[in-house]
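Step one of this worksheet: look at the structure below.
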Amino acid sequence: MSSTPPYTAVGPAPGTPAGGPRTRNVRRIVLILGLVIALALVGTAAAAETYYRRQSSECLAAQVEKDLGSKVAVRFGPKPLLLTAIDHQVQYVDLNSDDAKFGPAVGMKVHARLNDINLVDGGRGGATVDNSSADATWSNEGIAQTLKGLVSGVQSDPGTGTLDVKVLGGLADLRLRPQIVGDQIQVSTQSAQLLGLGLPTDLVDGIVQLMTQSLQSYPLDLKPTAIKVTDSGIEVKLTGGATRLQGSGDARC
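Taking the UniProt record's numbering, the leading residue of the sequence shown gets 1, the next gets one more, and so forth.
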């Protein structure tokens, strides 16, 4: 008989994964590369979103500023603007201006929201707006500045819903009431006295007409739906239907 021992198959040691350390290293490298690529893609998308939001804000602001006559701060809704770059649809946009000019009025603060916006030619051709709403605040100081040269001061009275306008250096009082008539705001005279006597008609008419003109002209086809006299001035609520923003001609759009 032969004394040579039989051959014995040698396998991996118990508890050692098939493939050994080399396979584990490959898997680790693949995982790290995958994470790096994913982070790079996320970073690129975030940078692109930031860039497109800034560009779109500047473009839309340039269009709206033509109507408001002042600088506008723009804030977009939650929809990613990278999607807007594809479908040209914006859910809504909030606009804020601290010095809007409606007709002869100066010093109006406006917060507006434009809904369901469709950008034309990526914004270069303007945009269509399905509907909009706005809140406009006109302070006593802004009213007095608008009527500068005719009045010396304005004090609002929310209790009576009127404005007490000082004229002729404060010697005379003119009490005005703003109210909505149809889809416009009209200003009527409640009283006008100079030391118990009536004020000159031309002076009263000039003040009333300028006040009325200041509350007649609104951008984006907005119409007044409510007006309120507050401690600090006048608040006006406005709503609007479909309208169009004209292209700004800005190369950034």
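For every residue, glycine included, the Cβ atom is placed at its ideal position computed from N, Cα and C.
- Taking the CA atoms as reference points, L82 sits about 21 angstroms from D130.
- Annotation for D157: the continuous beta strand (DSSP E) segment containing it runs 153 to 157.
- The alpha-carbon of Q145 is positioned some 14 angstroms away from that of K109.
- The Cβ atoms of L238 and T225 sit closer than 8 angstroms to each other.
- The C-alpha of T84 lies about 6 angstroms from the C-alpha of V90.
- Judged by their CB atoms, S139 and A112 are not nearer to each other than the 8 angstroms cut-off.
- Sequence-distant partners of L119 (beyond 5 residues in either direction) whose C-beta falls short of 6 angstroms from its own C-beta, in its chain, are H88, A127.
- Runs of beta strand (DSSP E) with 3 or more residues, each lying fully within the region 175 to 238, are found at 184 to 194, 223 to 229, listed in chain order.
- Secondary structure note for A144: its alpha helix (DSSP H) is the uninterrupted segment 140 to 146.
- Annotation for G206: L150 place their beta carbon closer than 8 angstroms to its own, counting only its chain and skipping 5 residues before and after.
- For L82, the enclosing alpha helix (DSSP H) starts and ends at 81 to 87.
- Closest by C-alpha distance to K223, out of A242, M211, F76, G233, is A242.
- Straight through space, the alpha carbons of I143 and L114 are spaced by roughly 27 angstroms.
- DSSP places K66 in the helix class (H, G or I) of the three-state scheme.
- Segment contact: the region 92 to 100 against the region 59 to 77, three or more CB-CB distances shorter than 8 angstroms; contact assigned.
- Taking the C-beta atoms as reference points, P104 is found no nearer than 8 angstroms to L215.
- Along the region 93 to 137, the beta strand (DSSP E) occurs as fully enclosed runs of 3 or more residues at 108 to 119, listed in sequence order.
- Partner residues in the beta bridge of G240, as assigned by DSSP, are S132.
- The straight-line gap separating the alpha-carbon atoms of L168 and D202 is approximately 13 angstroms.
- In this structure, the straight-line span from the alpha carbon of K228 to that of V72 is close to 24 angstroms.
- Bridge partners of K166 according to DSSP: G153, D173.
- The shortest CA-to-CA distance from L245 to any of A38, L31, D221, I234 is the one to D221.
- Taking the Cα of T212 as reference, the smallest distance to any Cα among L176, Y92, V154 is reached at L176.
- In this chain, V72 is not harboured by any beta strand (DSSP E), its DSSP state being neither H nor E.
- In the assembly as shown, T160 is an exposed residue. Its beta-carbon has fewer than 16 other beta-carbons within 10 Å.
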